[in-house]
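The structure under discussion appears below in the form of structure tokens.
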Amino acid sequence: MPPMRPSGSRSDEWWCQLVVGHAAGAVRKRAAHAERTAWGWMLTTPAAPRVWALNRAQVVPRAGDLEPAAVVEGIEAAHRAAGLAHRAVDLRSLTDAARLRPALAAHGLVPLTLEVLAVDPAELLERARAAVPGTGTGTGTGTGTGDGSVQVACEPPEAAIPVRATVDGDGDADEQRQVAQQWALAPGPSTRHLLARDAVGAPVGAAVVHLASLHLEIDDLLTAAGHRGRGIGTALLVAAATLAVERDVARIALLADPGDRPAAWYRRLGFVAVGRTTQAIRP
């Protein structure tokens, strides 16, 4: 990785804690209600109760020094009080995740480890442009693929609903509708919503970029069904990296399941793991 600004020379652990903490705060700001509890926060959004991202528990480091059973019982009670059928928990601290694991398992909550991936924006630009020859600054306000068939620009979050509606989910039609509309309902402060359009102007890809002082976080990057393999995701990353360079930040970061195919794709584009965080779910 090439030399970076002073903030870019920080340790991986420092970057991991910064990214995970910022991500937790961004979700809290998006939710309609954020209630402080003894163990952390309970987030609820009555207009979209099936969207896990907006309806979940967040355990703060050390969980208020409560016993594991008390923490998990509190999480269960908060979900029940909100009328939620699912359970979703953010565990920022790996130490807390290990300490709470038996209590979580007793309630059927399954831990999921996510990698915190980060890259220097300049390296991402270089690798992405090499991956899709000709990819670069497009005509107008965005970036595009090498053949000019896809253009990326910042648009209102509502414009991405058709893209998100094409993504297959595990839930029923009502849940998939809420998930597709979540960013229009709760776009969050300090975000940019990138939309990729094809040659006739149809939306074919989308991503959300959270702006922070030292880094950008990429969230919910998607390519519409039937359009994968055309370099749309790479064009979205080029647009995000261009924004990062303009803002002079040292890192672009995201959270990824290490076992999923996208994680390998991100690594090919220069992302490296700087740490891990944990979630726990019960559908």
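Heads up, the final residue of the sequence shown is numbered 283 in UniProt numbering, and it's a clean run with no missing numbers. Every residue, glycine too, gets a C-beta built ideally from N, C-alpha and C. Because the structure is a prediction, the values reported are computed rather than measured.
A contact between stretches requires three or more CB pairs, one per stretch, nearer than 8 Å, and the region 34-48 meets this requirement with the region 183-194. Trp-39 is classed as buried because its beta carbon has at least 16 other beta carbons within 10 Å across all chains shown. The Cβ-Cβ distance between Val-163 and Ala-105 does not fall below 8 Å.
Distance from Val-89 to Ala-280 at the Cβ level is roughly 4 Å; contact confirmed, criterion being Cβ atoms closer than 8 Å. Look at the beta carbons and you see the region 10-26 not touching the region 154-162: under three pairs across the two are nearer than 8 Å.
Annotation for Cys-16: Val-116, Val-274, Gly-275 place their beta carbon closer than 6 Å to its own, counting only its chain and skipping 5 residues before and after. Using a 10 angstroms sphere on the CB of Val-179, the tally of other CB atoms reaches 16 or more, which defines it as buried. Within the model, the alpha-carbon separation for His-33 versus Ala-130 is close to 44 Å. Three or more Cβ pairs drawn from the region 241-252 and the region 211-226 lie within less than 8 Å of each other, which places the two stretches in contact. Between Arg-62 and Asp-96, the alpha-carbon positions lie close to 6 Å from each other. The C-alpha of Glu-126 lies about 41 Å from the C-alpha of Met-42. By DSSP's assignment, Gly-40 forms a beta bridge with Val-59. Taking a 10 Å sphere around the C-beta of Pro-203, we find 16 or more other C-beta atoms and assign the residue as buried. Going by DSSP, Leu-237 is part of the alpha helix (DSSP H) stretching over 232-247. Separation of the CB atoms of Leu-91 and Leu-100 is rounded to 7 Å, and the pair is thereby assigned contact status at 8 Å.
About 15 Å separates the beta carbons of Ala-128 and Val-272, which is beyond the 8 Å limit, so they are not a contact pair. The Cβ atoms of Leu-236 and Leu-194 lie closer than 8 Å to each other.
As DSSP reads the structure, Pro-111 sits in a beta bridge with Ala-280. At a Cβ-Cβ threshold of 8 Å, His-107 and Glu-76 count as neighbours. Every beta strand (DSSP E) of 3 residues or more that sits fully in the region 80-129 is shown, in chain order, as 87-91, 110-119.
Residue pairing for Arg-197: DSSP places it in a beta bridge opposite Gln-151, Pro-203.
Residues Val-208 of the same chain have their beta carbon placed closer than 6 Å to that of Asp-220, with the five preceding and five following residues left out of the count. Note that the C-beta distance between Val-59 and Ala-103 is not below 8 Å. One thing to note: Ala-173 has its Cβ no nearer than 8 Å to the Cβ of Val-19. DSSP, reduced to helix, strand and coil, places Glu-35 within a strand of the structure shown. Beta-bridge pairing by DSSP links Arg-228 to no other residue. In the DSSP assignment, Arg-251 falls outside any alpha helix (DSSP H) and lies within the beta strand (DSSP E) extending over 251-256. Non-local C-beta neighbours of Arg-267 in its own chain, meaning closer than 8 Å and more than five positions away in sequence, comprise Leu-117, ordered along the chain.
Burial state of Gly-259 is exposed, judged by a 10 Å Cβ sphere holding fewer than 16 other Cβ atoms.
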